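S.K.: Residue numbers (the numbering used here): 384 to 528. By construction, the Cβ of each residue, glycine as well, lies at the ideal position given by its N, Cα and C atoms. Predicted model, so just to flag it, every value in this text is computed and none were measured. Dropping the structure in here first, questions after.
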């Protein structure tokens with residue numbers, strides 16, 4: 384049987400491990416955002432390259448940027464899901480475990496969670512739209528100018 388000191392030490396260790404797990408999830412989301420930004424940057428260079436090559440060679444080029452930006456959008460979506468998950472868990476944790484938490488802090492965490500959920504919806508719609516554009520660009524026949 385654990386005494387109250389051992390129980391509170393075990394609970395503190397569990398809370399610390401849980402908080403570290405949330406921070407790790409948040410960091411993974413941030414890294415995914417960084418990767419998605421780099422992929423989006425690559426996509427803009429691909430689009431620019433396609434336009435320049437078409438202008439000088441007068442031959443149509445396949446648009447590789449549509450698939451690249453779709454990959455970027457899906458990566459943003461995954462990152463935003465992770466970040467929203469962390470915000471929701473933190474809100475629920477503080478609301479359940481700290482009844483004396485200030486209403487302003489609770490409201491701030493609630494707005495953060497809602498904003499992150501809206502971001503997930505936005506990134507999801509963007510990813511879907513970019514995927515449809517990428518699919519359409521790979522299905523279109525090549526037409527010479």
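Apply the 10 Å Cβ neighbour rule to residue 506 and answer buried if 16 or more other Cβ atoms are within range, or exposed otherwise.
M.R.: Buried, because 16 or more other Cβ atoms sit within 10 Å of the Cβ of residue 506.
S.K.: Which word fits residue 525, buried or exposed, when buried means at least 16 other C-beta atoms lie within 10 angstroms of its C-beta?
M.R.: Because residue 525 carries a pLDDT of 41, less than 50, the predicted location of this residue cannot be relied on, and the following value inherits that uncertainty. So residue 525 ends up on the exposed side.
S.K.: My understanding is that residue 422 touches residue 455, with C-beta atoms under 8 Å, so please give their C-beta distance in whole angstroms.
M.R.: Right, the Cβ-Cβ distance comes to about 4 Å (below 8 Å), so this counts as a contact.
S.K.: Would you check if there are 3 or more beta carbon pairs closer than 8 Å linking the region 459-475 to the region 496-516?
M.R.: Taking 8 Å as the limit for Cβ pairs, the verdict is that the region 496-516 does touch the region 459-475.
S.K.: Check for me: the alpha helix (DSSP H) holding residue 483 runs from which residue to which?
M.R.: Segment: none, residue 483 is in no alpha helix (DSSP H) and carries neither H nor E.
S.K.: Could you check how far apart the C-beta atoms of residue 446 and residue 470 are, in whole angstroms? I think they sit under 8 Å.
M.R.: Not a contact, Cβ separation roughly 36 Å.
S.K.: Relative to the alpha-carbon of residue 412, which residue among 436, 476, 424 and 462 has its alpha-carbon at the smallest distance?
M.R.: If we check each option's Cα against that of residue 412, 462 comes out closest.
S.K.: Taking just the CA atoms, how far does residue 489 sit from residue 528?
M.R.: Any reading at residue 528 needs caution, since the residue's pLDDT is 35, under 50, leaving its predicted position unreliable; the model's value is listed next. About 60 Å.
S.K.: For residue 444 versus residue 436, is the C-beta spacing smaller than 8 Å?
M.R.: Yes, Cβ-Cβ distance for residue 444 and residue 436 is below 8 Å.
S.K.: Please classify residue 439: is it buried, with 16 or more other beta-carbons within 10 angstroms of its beta-carbon, or exposed?
M.R.: Answer is exposed; the Cβ neighbour count stays below 16.
S.K.: Figure out for me which residue from 388, 486 and 511 has the closest Cα to the Cα of residue 460.
M.R.: That would be 511, whose Cα lies nearest to the Cα of residue 460.
S.K.: Who are the near neighbours of residue 485 in its chain, counting only those whose CB is closer than 8 Å to its CB and skipping five residues on each side?
M.R.: So the list is empty, once near-sequence residues are dropped.
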